[in-house]
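S.K.:
There are 2 protein chains.
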Amino acid sequence: MNKKTTIHDIAKKLDITASTVSRALQDNPRISDSTKKLVVKTARQMNYQPNSIAAALRNGKSNLVGVMIPTVDRNFFGSIVRGIEEILNDSDYNVIICQSEDSHEKEKTNIKTLLKAQVDGIFASYAKETVDFRHYEEILNHNVPLILFDRMQNHFDVDAVVIDDYKGGFDATEHLIEQGCRNIVHLTGPDNVSIYKDRKRGYEDALRKHGFPVLQENIYQSDLKLEAGIRIGEKLNKLSKLPDGIFSSSDYAAIGAIQVLKKSGIKIPQDIAVVGFSNESFTNLVDPSLSTIDQKSKKMGHFIANTFLERMNKKESYTPSRKVLTPELIVRNSSLRKEHSKQNFIKN
Amino acid sequence: MNKKTTIHDIAKKLDITASTVSRALQDNPRISDSTKKLVVKTARQMNYQPNSIAAALRNGKSNLVGVMIPTVDRNFFGSIVRGIEEILNDSDYNVIICQSEDSHEKEKTNIKTLLKAQVDGIFASYAKETVDFRHYEEILNHNVPLILFDRMQNHFDVDAVVIDDYKGGFDATEHLIEQGCRNIVHLTGPDNVSIYKDRKRGYEDALRKHGFPVLQENIYQSDLKLEAGIRIGEKLNKLSKLPDGIFSSSDYAAIGAIQVLKKSGIKIPQDIAVVGFSNESFTNLVDPSLSTIDQKSKKMGHFIANTFLERMNKKESYTPSRKVLTPELIVRNSSLRKEHSKQNFIKN
DNA sequence: ATACTTGATGTAATCGATTGCACAAATATA
DNA sequence: TATATTTGTGCAATCGATTACATCAAGTAT
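Sequences listed follow chains A and B, in order.
Mapping the first sequence onto our numbering, position 151 (from 1) lands on 151, and the numbers just tick up by one.
Mapping the second sequence onto our numbering, position 40 (from 1) lands on 1040, and the numbers just tick up by one.
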């Protein structure tokens, strides 16, 4: 049928060579203005679409980047991806998204897939499950720029964009203390994931700063999913002395706990004030709306993309950098005892 | 540094030609078993990774497909994408995701981008805003297979995978009637989007079937976002006679309305029973948990992917098909008056 | 008038994998 | 023994865009 037109077709029509056409389309100064105009016009007429694959092969550059995240249907990761796209699409890059589903195996196959697709860069957030990082070395062996974000460790000397999880944990806990909490429980995740360790440190330091003891029995470790929150809520329910505050490293776990506690007549935030982490999109849909820590996900996406673009320019002698973003405490009704409803999205 | 190894490198090492290597790696019957084994072994040793871009250029096939959806951070679309990936990754395809954000302009540029990336197929769900479909013709002009899903119209004779929105609307409404509702309000979306029209027809027919009048003043049109739900909730609040049921074409709008109604002391589901649409992930996080219609998103993804694969095989003389999936009513606490809490996820 | 720029375009190789056709050697058939 | 067929490889073109280098005409300097 209608074959795609190539630069050769244009060349033939104008009785010039393909190289001239190519140069003209690239606005090469060595081509006269008159030919340029002619070529551009003819290209439009013939509905020419450059074949990016041919260019990719020749240039050794696919203009594709791969983003690997645990899952796309978490607000945080979804909007990081958006942030990345906002920047990169303007520079003619396309984004391939891979989901690791927090599985080590999937992570491995995803990396293979992306390398096979000849991506120009890989942006990744570790799967929770991952403790062995050899598959990441593959990326570096292939000379593909790697940028880690959010979840990372110091195994590799690569670019990284993270938030200050310590500060997030600290601020959340201090806020609970300011709201009058005296016995604050913390829900944390697997210890091999540094973000959870950091948030926990923040929690502990905030307690210490205000003269409260750090009690190991107040720290509940889990995978931080909804179901884990439910289980922990049930445990809390059975305690002889209820806590009066919960800082959860995950919005999901926080909601799980709140659901159970509400069932047994406990008032949130009056009896127990709760702060989650991530500012998931459902946090202002639930009742009471959930206080949380916003992770500046879009901004993070922008940083990742810009870091990548810089890296592509400097080519040699590039020194990886680390960017730490500051999270923001968002106070909603689940923790606001003093000025009730002030921050509620519904007027009055 | 360490250049990537190509089939030529392998050929040189074994003192054979690249074509033999290529054939050996493809398990071509014309190559002897001994050479095959040797080549495969050497390839492994040299850590050979096929350059898919070169293959793409030669074969005129990028092994990329583009998925265009309004947004990735809606459960429905996110899991469609997952479903698509589950199938296509096994067939060595990669998926590029584009978000239209329900904007006509973004949709246009996304299509350009995908075509430039030489994707082998495009799977798309129309943006709400879109009323002019010329940019979709571009896809067909380029001879790129197009599969529409969820939101679509009959402009093009292309493959389509949709759910039976009419049945979804009918079932939701009939369920409310069974729960004793006698005055059911419906929240619908823009009329140019067929899914909303179909759901509305389902609503109307269910009312008629049970002998209730269809009242235009009971139908509220909006963009179905959270804020729209809030506004409509406020309107309902002011009515002299409150409705006793709400069927919303969107979970978000449903939640918005519920939030307002709860504030003014109205009990859900006792005073007003509510059913949403989409089974968004937050629907069982809110209080009360929201009854809704599940759209079989993952299954839809599977269908889309498989339709595409079939299409790629049959090449010529292909007749587009239309697959209609059956949605499922999920009854939760926002509409369950008779056996309270039975379907609640918390035991007892 | 000769040598030397400058400007504009063409030639041909390249990126890496694929594949139709050619060709030699080995085997089968007459 | 001569011819036909099979088997295993090699040769070279191809996909489309890019680019170092060559070329050639016109213009400038000496």
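Each residue gets a CB set at the ideal place from its N, CA and C atoms; glycine is no exception.
1) For Lys1299 of chain B, which residues from the same chain have a beta carbon less than 8 Å from its beta carbon, with the 5 sequence-adjacent residues on both sides left out?
2) Can you tell me where the alpha helix (DSSP H) holding Val1260 of chain B begins and where it ends?
3) Which bits of chain A does Gly1078 of chain B rub up against, with CB to CB less than 7 Å?
4) Compare the C-beta of Gln1045 of chain B with all C-beta atoms of chain A and state if any pair is closer than 9 Å.
5) Is it buried or exposed for Gly1093 of chain B, if we count other Cβ within 10 angstroms and need 16 for buried?
6) What are the complete beta strand (DSSP E) segments, minimum 3 residues, inside the stretch 64-105 of chain A?
7) Does the stretch 1240-1248 of chain B come close enough to the stretch 1183-1191 of chain B that 3 or more CB-CB pairs lie under 8 Å?
8) Leaving out five residues on either side along the sequence, give the residues of the same chain with a beta carbon under 6 Å from the beta carbon of Gln1221 of chain B.
9) Going by beta-carbon coordinates alone, are Ser350 of chain A and Ser334 of chain A separated by less than 9 Å?
10) Is the beta carbon of Phe303 of chain A closer than 9 Å to that of Val161 of chain A?
11) When you check each C-beta in the stretch 260-291 of chain A against every C-beta of chain B, which residues fall closer than 8 Å?
12) In this structure, what does DSSP give as the bridge partners for Ile1293 of chain B?
13) Have a look at Ile230 of chain A and Glu129 of chain A and give me their C-alpha separation to the nearest angstrom.
14) Taking the continuous alpha helix (DSSP H) assigned at Tyr1136 of chain B, which residues delimit it?
15) Flag Gly333 of chain A as yes if its beta-carbon sits less than 9 Å from any beta-carbon of chain B, otherwise no.
16) Determine the closest residue to Val67 of chain A out of A:His142, A:Phe123, A:Pro288, with distance taken between C-alpha atoms.
17) Could you name the residues of the stretch 1101-1117 of chain B whose beta carbon sits closer than 7 Å to any beta carbon of chain A, in the order they occur along the chain?
18) Assign Gln295 of chain A to buried or exposed, taking buried as 16 or more other Cβ atoms, counted over all protein chains shown, within 10 Å of its Cβ.
19) Which residues in the same chain as His1135 of chain B place their Cβ atom closer than 6 Å to its Cβ, once the five residues preceding and following it in sequence are excluded?
20) What in chain A is Cβ-close to Ser1062 of chain B, meaning under 7 Å?
21) Kindly indicate if chain B contains any beta-carbon less than 9 Å away from that of Ile255 of chain A.
22) Please list the terminal residues of the continuous alpha helix (DSSP H) segment that includes Gln1221 of chain B.
23) Just to confirm my understanding: we take Ala1257 of chain B, look at its own chain, exclude 5 residues before and 5 after, and list those with CB closer than 8 Å. What are they?
24) In angstroms with no decimal places, state the Cα-to-Cα distance between Ile1053 of chain B and Ser1194 of chain B.
25) Rounded to whole angstroms, what's the CA-CA distance from Lys1342 of chain B to Gly1078 of chain B? Just pull it up for me.
26) So the alpha helix (DSSP H) His1175 of chain B belongs to, where does it begin and stop?
27) So, is the C-beta of His1135 of chain B closer than 9 Å to a C-beta in chain A?
28) What number of angstroms, rounded off, separates the C-alpha of Asn348 of chain A from the C-alpha of Asp1073 of chain B?
29) With a threshold of 16 other CB atoms inside 10 Å of the CB of Tyr196 of chain A, please say whether the residue is buried or exposed.
30) Hey, out of A:Lys241, A:Ile255, A:Leu285, A:Asp171, whose CA is closest to Val1260 of chain B's CA?
31) Distance, Cα to Cα, Ala254 of chain A vs Asn218 of chain A?
32) For Met1001 of chain B, name the three-state secondary structure that DSSP assigns.
33) Taking CB distances under 9 Å as the criterion, tell me whether Thr246 of chain A reaches chain B.
34) Look at the Cβ atom of Pro327 of chain A, then the Cβ atom of Ile163 of chain A, and state whether they are nearer than 9 Å.
35) Can you check DSSP and say which residues form a bridge with Arg322 of chain A?
36) Going along chain A, which residues have a C-beta under 8 Å from Pro1050 of chain B?
M.R.: Reading it off the structure:
1) Gly1083, Leu1325
2) 1251-1263
3) Val72, Asp73
4) no
5) Note that residue 1093 of chain B corresponds to Tyr in the displayed sequence, not to Gly. Buried, by the Cβ-count rule.
6) 64-69, 94-99
7) yes
8) Thr1188
9) An answer regarding residue 350 of chain A cannot be provided, because it is not within the stretch 1 to 348 covered by chain A.
10) yes
11) Val260, Lys262, Lys263, Ser281, Phe282, Leu285, Val286, Asp287
12) B:Leu1329
13) 22 Å
14) 1134-1141
15) Here the sequence assigns Asn to residue 333 of chain A, which means Gly is not the residue at that position. No, because no Cβ of chain B sits closer than 9 Å to the Cβ of Asn333 of chain A.
16) A:Phe123
17) Thr1113, Leu1115, Lys1116, Ala1117
18) buried
19) Lys1108, Ile1111
20) Ile53
21) yes
22) Gln1221 of chain B -> not in any alpha helix (DSSP H); beta strand (DSSP E) instead, spanning 1219-1221.
23) Leu1187, Gly1229, Ile1230, Ile1232, Gly1233, Leu1236, Ile1246, Ser1248, Val1274
24) 39 Å
25) Only weak support is given to the placement of Lys1342 of chain B: the predicted model assigns it a pLDDT of 43, under 50, and the question is left unresolved by the model.
26) 1165-1178
27) no
28) Residue confidence is low: Asn348 of chain A scores 33 on pLDDT, short of 50, so the model does not pin down where it sits. Its coordinate-derived value is still stated next. About 30 Å.
29) buried
30) A:Leu285
31) 15 Å
32) Caution is warranted here: a pLDDT of 44 is assigned to Met1001 of chain B, below 50, making its placement in the model unreliable, and no coordinate value can be reported.
33) Per the sequence presented here, residue 246 of chain A reads as Ile, with Thr not at that position. No, its Cβ sits nowhere closer than 9 Å to a Cβ of chain B.
34) yes
35) A:Ala160
36) Lys116
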